[in-house]
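So for the sequence shown, the working numbering puts the first residue at 5; every next one is plus one. All C-beta atoms, glycine included, are put in the ideal place defined by N, C-alpha and C. Worksheet for the structure shown next.
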Amino acid sequence: MASAPLPPPTLLVAPAFSGARALRHILSAHPAINIAPELDVLVDAITPDGRFMKRDAFLRSIEHDVRFKRLGLTIPPGENFTGIARSLYEQIVAARPDAMVHGFSLEQDFDRILWLWPDARFIHLVRDGRDVAVGNVRAHRAGNLWHGIADWAESEALWDRMSHKLPADRQFALRFEMLANEPDYELQRLCAFLGLPTVPAMLQQAPILMQEAQGLWRKAETKEISAAEHRAARWLLQNSYFLSGTVRPPSIIRRIRLNLSNWVAVANHRRRLLGTGLWLKSKIVGKIGTRKAKARIRRRQFDIASRQPD
Numbered sequence: 005m006a007s008a009p010l011p012p013p014t015l016l017v018a019p020a021f022s023g024a025r026a027l028r029h030i031l032s033a034h035p036a037i038n039i040a041p042e043l044d045v046l047v048d049a050i051t052p053d054g055r056f057m058k059r060d061a062f063l064r065s066i067e068h069d070v071r072f073k074r075l076g077l078t079i080p081p082g083e084n085f086t087g088i089a090r091s092l093y094e095q096i097v098a099a100r101p102d103a104m105v106h107g108f109s110l111e112q113d114f115d116r117i118l119w120l121w122p123d124a125r126f127i128h129l130v131r132d133g134r135d136v137a138v139g140n141v142r143a144h145r146a147g148n149l150w151h152g153i154a155d156w157a158e159s160e161a162l163w164d165r166m167s168h169k170l171p172a173d174r175q176f177a178l179r180f181e182m183l184a185n186e187p188d189y190e191l192q193r194l195c196a197f198l199g200l201p202t203v204p205a206m207l208q209q210a211p212i213l214m215q216e217a218q219g220l221w222r223k224a225e226t227k228e229i230s231a232a233e234h235r236a237a238r239w240l241l242q243n244s245y246f247l248s249g250t251v252r253p254p255s256i257i258r259r260i261r262l263n264l265s266n267w268v269a270v271a272n273h274r275r276r277l278l279g280t281g282l283w284l285k286s287k288i289v290g291k292i293g294t295r296k297a298k299a300r301i302r303r304r305q306f307d308i309a310s311r312q313p314d
């Protein structure tokens, strides 16, 4: 007898440092909700016009992906990309077969998942982009708020385009700040969207939201805040985040300085993580090294990254 088809996944979509991990932790306290961590390797393998990566290319792309390895999922033999994606989702479902809602998280390009599951549902979590920018700076993914807010602005622009096309019963949006301050009400709304009742265990986990500091962006210098707000003003205002003051675009000289400080901050973090020797070697090998040399460098980088906390 053939097994019953799996329901379309429910995707929790939000860029890094938006509080999605805290929300996923709360949702996991519900016996009927099973949302796995980030699975962006799937959308990374899909072009905007819906072309899928070949199997061998996909396997190479995840060979040194630390976050994917930590999921503990296995790649089925002989399957093409669509078969691999289906198998990964099946493994997520099998981890909690009694749940009614299954899915995973995505941080970027989440519209591309519709090429695999056209009927997928989406939970969009939005957080003040300036706090997201602070998170990126603290994690050394950006050197200043101007660069730190860029992915957030792009994500909000993408969600704006998607939300106008998705049916209302397949999309749900909530603000992190509202969730942190009124978890009872917001979780009731979210569970109603999922067709489930809330359970006390979810509220017992809600204090984890308050561990995520809010408003840290206010401690940055005024010029840096102004530049970041200029870059994302439309999306901040559209999500009811008030701007701090007069927003001005950074001058050409200021942009050059912002770009330089961003490059230096990210490069220095990479150098500290890998060690100066390996960092320099990776730069040289990346430009003139053989395929085998590049593979050795990637393996060494992967070994170092895998020892870092998630």
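**Message:** Distance check for residue 209 and residue 29, CA to CA, integer angstroms please.
**Reply:** The count along the sequence shown starts at 1 and reaches residue 29 at position 25. The count along the sequence shown starts at 1 and reaches residue 209 at position 205. Distance between the alpha carbons of residue 29 and residue 209 is about 8 Å.
**7 Å CB neighbourhood of residue 93 in its chain, flanking five on each side removed** = Here residue 93 corresponds to residue number 89 of the sequence shown, with the count starting at 1. So the qualifying residues of the chain are 10, 13.
**Item:** Three-state secondary structure (DSSP) of residue 40
**Value:** Within the sequence shown, numbered from 1, the residue matching residue 40 stands at position 36. In this structure, residue 40 counts as strand in the three-state DSSP scheme.
**Prompt:** What three-state label does DSSP hand residue 175 in the structure shown?
**Reply:** Here residue 175 is taken as the residue at index 171 of the sequence shown, counted from 1. Of the three classes helix, strand and coil, the one that applies to residue 175 here is strand, per DSSP.
**Option nearest residue 229 by Cα separation, candidates 72, 132, 60** = Within the sequence shown, residue 229 is the residue found at index 225, counting from 1. For the residues 72, 132, 60, the minimum Cα distance to residue 229 belongs to 132.
**CB of residue 23 within 8 Å of CB of residue 213, strictly** = Residue numbering aside, residue 23 sits at position 19 when the sequence shown is read from its first letter. Residue numbering aside, residue 213 sits at position 209 when the sequence shown is read from its first letter. It is a contact, given that the beta carbons lie within the stated cut-off.
**Request:** Under 8 Å by Cβ, that's how I've got residue 174 and residue 114 pegged, so tell me the actual separation to the nearest angstrom.
**Result:** On the sequence shown, position 170 is the one that residue 174 refers to. On the sequence shown, position 110 is the one that residue 114 refers to. Incorrect: roughly 13 Å between the Cβ atoms, too far for contact.
**Request:** Tell me the start and end of each unbroken alpha helix (DSSP H) in the stretch 184-219 that is at least 4 residues and wholly inside, in chain order.
**Result:** 187-198, 204-209
**Best match in 18, 15, 36, 32 for proximity to residue 199 [C-alpha to C-alpha]** = As a first step, residue 199 is located in the sequence shown; it is residue number 195 there, counting from the start. A check of alpha carbon separations from residue 199 across 18, 15, 36, 32 identifies 36 as the nearest.
**Asked** Of all the alpha helix (DSSP H) runs that stay within the bounds of the stretch 57-81, which reach a length of 4 or more residues?
**Response** 59-66, 70-74
**Prompt:** Can you name the start and end residues of the beta strand (DSSP E) that residue 127 belongs to?
**Reply:** Within the sequence shown, residue 127 is the residue found at index 123, counting from 1. Note, residue 127: beta strand (DSSP E), 125-130.
**Asked** DSSP on residue 293, reduced to helix/strand/coil?
**Response** To locate residue 293, count along the sequence shown from 1; it is residue 289. Three-state result, residue 293: coil.
**Prompt:** Can you give the beta carbon distance from residue 178 to residue 129, rounded, assuming they're within the 8 Å contact cut?
**Reply:** Taking the sequence shown and counting its residues from 1, one reaches residue 178 at position 174. Taking the sequence shown and counting its residues from 1, one reaches residue 129 at position 125. Indeed, because the Cβ distance is near 6 Å, the residues count as touching under 8 Å.
**Prompt:** So, helix, strand or coil for residue 278, using DSSP?
**Reply:** Position 274 of the sequence shown holds residue 278. Helix at residue 278.
**Item:** Member of 103, 312, 50, 255 whose CA lies at the smallest distance from the CA of residue 277
**Value:** On the sequence shown, residue 277 is found 273 positions in, with the first residue counted as 1. Among 103, 312, 50, 255, the Cα nearest to that of residue 277 belongs to 312.
**Request:** Could you tell me whether the Cβ atoms of residue 272 and residue 151 are closer together than 8 Å?
**Result:** Against the sequence shown, residue 272 aligns to sequence position 268. Against the sequence shown, residue 151 aligns to sequence position 147. Cβ atoms of residue 272 and residue 151: not closer than 8 Å.
**Prompt:** If you run the structure through DSSP and keep just helix, strand and coil, what is residue 23?
**Reply:** One-based indexing of the sequence shown puts residue 23 at position 19. Note: residue 23 maps to coil in three-state DSSP.
**Request:** Tell me whether the beta-carbon of residue 77 lies closer than 8 Å to the beta-carbon of residue 95.
**Result:** Looking up residue 77 in the sequence shown gives position 73. Looking up residue 95 in the sequence shown gives position 91. It is a contact, given that the beta carbons lie within the stated cut-off.
**Request:** With DSSP as the reference, label residue 120 as helix, strand or coil.
**Result:** Against the sequence shown, residue 120 aligns to sequence position 116. If DSSP states are grouped into helix, strand and coil, residue 120 belongs with coil.
**Message:** Let's test the definition: count the other Cβ atoms within 10 Å of the Cβ of residue 140 and tell me whether it reaches 16, buried, or not, exposed.
**Reply:** The residue you call residue 140 lines up with position 136 of the sequence shown. Classification for residue 140: buried.
**Request:** Report the three-state DSSP secondary structure of residue 152 (helix, strand or coil).
**Result:** Counted from its first residue, the sequence shown places residue 152 at position 148. Three-state DSSP puts residue 152 in a helix.
**Message:** Check whether the stretch 96-110 and the stretch 57-66 touch, using three or more Cβ-Cβ pairs below 8 Å as the test.
**Reply:** Below 8 Å, too few C-beta pairs join the stretch 96-110 and the stretch 57-66 to call them touching: fewer than three.
**Distance between residue 188 and residue 211 (C-alpha atoms, nearest Å)** = By one-based count along the sequence shown, residue 211 stands at place 207. By one-based count along the sequence shown, residue 188 stands at place 184. One C-alpha to the other measures close to 11 Å.
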